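There are 2 protein chains.
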Amino acid sequence: MTLSEEDYIKAIYHLGKGERTSVSTNAIAEQMETKPSSVTDMIKKLSEKGLVNYKKYKGVSLTEFGTKTALTLVRKHRLWEVFLVEKLDFSWDEVHEVAEQLEHVKSEKLVDRLDKHLGYPQVDPHGDPIPSKEGEFKKAVKKLLSEVPIGAEGICVGVKDSTPPFLKFLDKNSIALGDAIQVLDKEEFDGSLHLKIKGKDIHISEQIAANLYLKITE
Amino acid sequence: MTLSEEDYIKAIYHLGKGERTSVSTNAIAEQMETKPSSVTDMIKKLSEKGLVNYKKYKGVSLTEFGTKTALTLVRKHRLWEVFLVEKLDFSWDEVHEVAEQLEHVKSEKLVDRLDKHLGYPQVDPHGDPIPSKEGEFKKAVKKLLSEVPIGAEGICVGVKDSTPPFLKFLDKNSIALGDAIQVLDKEEFDGSLHLKIKGKDIHISEQIAANLYLKITE
DNA sequence: ACAAATTTTTAGATTTGTCTAAAATATAAT
DNA sequence: ATTATATTTTAGACAAATCTAAAAATTTGT
Ligand SMILES: [Mn+2]
Ligand SMILES: [Mn+2]
Ligand SMILES: [Mn+2]
Ligand SMILES: [Mn+2]
Chain A
104 MTLSEEDYIK AIYHLGKGER TSVSTNAIAE QMETKPSSVT DMIKKLSEKG
154 LVNYKKYKGV SLTEFGTKTA LTLVRKHRLW EVFLVEKLDF SWDEVHEVAE
204 QLEHVKSEKL VDRLDKHLGY PQVDPHGDPI PSKEGEFKKA VKKLLSEVPI
254 GAEGICVGVK DSTPPFLKFL DKNSIALGDA IQVLDKEEFD GSLHLKIKGK
304 DIHISEQIAA NLYLKITE
Chain B
104 MTLSEEDYIK AIYHLGKGER TSVSTNAIAE QMETKPSSVT DMIKKLSEKG
154 LVNYKKYKGV SLTEFGTKTA LTLVRKHRLW EVFLVEKLDF SWDEVHEVAE
204 QLEHVKSEKL VDRLDKHLGY PQVDPHGDPI PSKEGEFKKA VKKLLSEVPI
254 GAEGICVGVK DSTPPFLKFL DKNSIALGDA IQVLDKEEFD GSLHLKIKGK
304 DIHISEQIAA NLYLKITE
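Protein chains in written order, with the working numbering: chain A, 104 to 321; chain B, 104 to 321.
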């Protein structure tokens with residue numbers, strides 16, 4: 104498979120939310136930052152190769168083989184992201200572009216050894232699950248911190264309230280996007296939470312919790 | 104620069120032994136496993152871009168810019184080779200193909216961080232020197248172990264006598280291609296050598312030393 | 001239901017990198 | 001110095017991936 108074919112397969116996978124749903128030509132074009140006519144050409148090729156199901160004007164979906172291929176790519180992408188953050192001290196938000204290139208390196212041994220080197224991580228730096236070699240993985244969901252059960256673990260991936268006062272509050276309490284968060288306890292009384300963030304225990308009000316998104320797997 | 108352009112530049116660099124000597128179309132074609140006509144086409148493009156000096160029928164040589172580009176690629180290639188051997192436990196002889204792909208990943212930060220992660224290595228697993236970010240490096244020479252001064256360090260890269268008896272001898276004494284060797288002492292009396300190989304001290308006769316090639320830098 | 005708007009596909013062109021076959025040039029042999 | 005051989009370049013073609021412009025099919029709105 105060429106680099107381009109691989110990126111199309113990944114795009115179709117992500118647009119279909121990993122569920123082999125039908126995806127439109129225009130949606131793919133937008134995702135790939137290309138023209139719909141180019142997408143049609145590529146879809147035909149992928150169809151020939153048995154990676155997608157395609158009927159003219161009726162959208163496209165991944166075959167089982169296509170899904171397997173996509174999962175292998177997602178696995179590689181996310182393992183490289185972990186490598187960049189854990190081993191090379193890249194930050195959360197600068198790994199994607201590089202992983203987008205590294206994912207295309209062809210060597211099964213490389214991926215296996217990388218996985219081992221990283222200690223078989225389950226999630227990438229964005230909290231997204233890493234498929235196993237066999238293509239199995241837990242799904243990730245994004246929830247408000249206030250709606251998550253005690254014991255939950257995840258990555259802080261967004262804010263609901265993005266006004267300066269709230270962002271400043273987060274800064275002052277050194278809570279940042281990309282941080283791993285664990286919910287230690289919840290006060291029934293006021294809905295406030297005890298968290299563990301980067302080793303430290305902190306306490307936040309329900310109002311804060313209701314404005315932070317957590318990505319959790321399982 | 105495209106992947107293909109990069110591989111051509113590297114090929115010209117290696118064929119010219121890093122000395123900006125003139126290289127023939129056929130030599131490049133052989134190295135790249137392609138046809139001379141394809142090489143001519145590519146040379147024209149590289150010439151347009153100021154990477155090579157080219158006059159019809161008169162061969163091609165790297166410009167200063169081309170040499171700088173080649174050194175950057177060689178640096179990346181060799182750093183990835185070190186990574187594969189040191190961090191992912193690849194063996195000496197299986198890293199080249201993968202590094203051939205990894206070298207094309209575009210991210211200056213990635214290379215810098217990789218270099219740091221590896222502890223700023225000076226040579227790759229084949230004993231070849233790794234150019235600095237500025238493109239400086241020591242040259243590597245291949246010499247018989249018997250002709251090397253006391254104190255020399257290098258990588259065992261070949262045998263002069265490749266008959267089964269000699270290879271069996273090496274096996275029995277656990278000397279293998281790719282091993283780092285240091286010459287500790289030489290007996291004036293019989294020319295025999297004291298070596299350090301993979302932490303262990305061993306003693307070999309001049310006859311053995313005269314059949315082992317060492318790659319040493321500087 | 002039918003016209004209008006949108007989406008998707010086709011037709012034809014372009015760029016990159018490659019190829020084969022033939023022509024041009026350079027090198028070697030007599 | 002000619003001829004023969006080898007090397008290099010050109011001419012023309014092709015596959016991959018893209019684009020624009022136009023046609024076809026689908027969806028939407030009334
Ligand atoms: Mn990619
Ligand atoms: Mn990610
Ligand atoms: Mn390469
Ligand atoms: Mn090497």
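Cβ atoms here follow ideal geometry from the backbone N, Cα and C, with glycine treated the same way. Just so we're clear, the structure is a prediction, and the values are computed from it rather than from any experiment.
| query | result |
| --- | --- |
| Just checking: is the beta-carbon of B:H220 within a distance shorter than 9 Å of some beta-carbon in chain A? | yes |
| Using three-state DSSP, classify A:A173 as helix, strand or coil. | helix |
| If you reduce the DSSP assignment to three classes, tell me which class A:V251 lands in. | coil |
| Indicate whether at least one CB of chain B lies closer than 9 Å to the CB of A:K212. | yes |
| In whole angstroms, what is the alpha-carbon distance linking B:G238 and B:K179? | 11 Å |
| Three Cβ pairs or more, each shorter than 8 Å: is that satisfied between the segment 272-286 of chain A and the segment 185-196 of chain A? | yes |
| Which residues does DSSP pair with B:G261 in a beta bridge? | B:Y316 |
| To the nearest angstrom, how far is the alpha carbon of B:R216 from that of B:V163? | 34 Å |
| Short of 8 Å Cβ to Cβ, which residues in the segment 189-206 of chain B face chain A? | K190, L191, D192, F193, E197, E200, V201, Q204, L205 |
| Could you check the C-alpha separation between B:L191 and B:R181 for me, to the nearest Å? | 15 Å |
| Which value, in whole angstroms, describes the spacing of the CA atoms of A:A313 and A:K209? | 43 Å |
| I'd like to know whether the C-beta of B:V185 is nearer than 9 Å to at least one C-beta of chain A. | no |
| Below 8 Å, is the gap between the Cβ of A:R216 and the nearest heavy atom of ligand 4? | no |
| Counting beta carbon pairs with one atom in the segment 221-239 of chain A and one in the segment 314-321 of chain A, are three or more of them shorter than 8 Å? | yes |
| Assign B:K113 to one of two classes, buried (16 or more other C-beta atoms within 10 Å of its C-beta) or exposed (fewer than that). | buried |
| Rounded to whole angstroms, what is the Cα-Cα separation between B:L118 and B:A255? | 27 Å |
| Below 9 Å on C-beta distance, what does A:R216 contact in chain B? | L187, K190, L191, D192, F193 |
| Hey, could you find the ends of the beta strand (DSSP E) A:H297 is sitting in? | 296-300 |
| What did DSSP end up calling B:A279 once you bin it into helix, strand or coil? | coil |
| Taking only the alpha-carbon atoms, compute the straight-line gap between A:A243 and B:D227 and give it to the nearest angstrom. | 41 Å |
| Starting from the Cα of A:I146, find the closest Cα among A:T172, A:E184, A:Y111, A:K171 and give me that residue. | A:Y111 |
| Based on Cα-Cα distance, which residue from A:A132, A:I253, A:L149 lies nearest to A:V142? | A:A132 |
| When you compare only the Cα positions, how much space is there between B:D264 and B:G121? | 29 Å |
| By alpha-carbon positions, which one of B:H306, B:D288, B:M135, B:L221 ends up nearest to B:V251? | B:D288 |
| Quick one: what does DSSP say A:N110 is sitting in, helix, strand or coil? | Here residue 110 of chain A turns out to be Asp, not Asn, going by the sequence shown. Reduced to three states, the DSSP call for A:D110 is helix. |
| Using a Cβ-Cβ distance cut-off of 9 Å, determine whether B:K209 contacts chain A. | yes |
| In whole angstroms, what is the alpha-carbon distance linking B:D293 and B:S249? | 11 Å |
| If I follow the unbroken beta strand (DSSP E) through B:I146, where does it start and stop? | Taken as a continuous stretch (DSSP letters only), B:I146 belongs to no beta strand (DSSP E), being part of the alpha helix (DSSP H) at 139-151. |
| Under 8 Å by Cβ, that's how I've got B:V262 and B:F269 pegged, so tell me the actual separation to the nearest angstrom. | 7 Å |
| How long is the line joining the alpha carbons of B:E184 and A:L187, rounded to whole angstroms? | 17 Å |
| With DSSP as the reference, label B:D288 as helix, strand or coil. | strand |
| Starting from B:D304, trace the beta strand (DSSP E) both ways and give me its first and last residue. | 303-307 |
| Report, in whole angstroms, the separation of the C-beta atoms of B:G284 and B:G302, which I expect to be a contact under 8 Å. | The sequence given here places Ile at residue 284 of chain B; Gly does not occur at that position. The pair is not a contact, with the Cβ atoms about 12 Å apart (cut-off 8 Å). |
| Can you grab the Cα-Cα spacing for the pair B:L213 / B:H220, in whole Å? | 10 Å |
| Can you tell which of B:D274, B:T137, B:P139, B:E108 has the C-alpha that lies nearest to the C-alpha of B:H154? | One point to set straight first is that residue 154 of chain B is Leu, not His, in the sequence displayed. When each option's Cα is compared against that of B:L154, the closest is B:E108. |
| For ligand 3, is there a heavy atom less than 8 Å away from the beta-carbon of B:S113? | Contrary to the premise, residue 113 of chain B reads as Lys rather than Ser in this sequence. Yes, the beta carbon of B:K113 sits closer than 8 Å to at least one heavy atom of ligand 3. |
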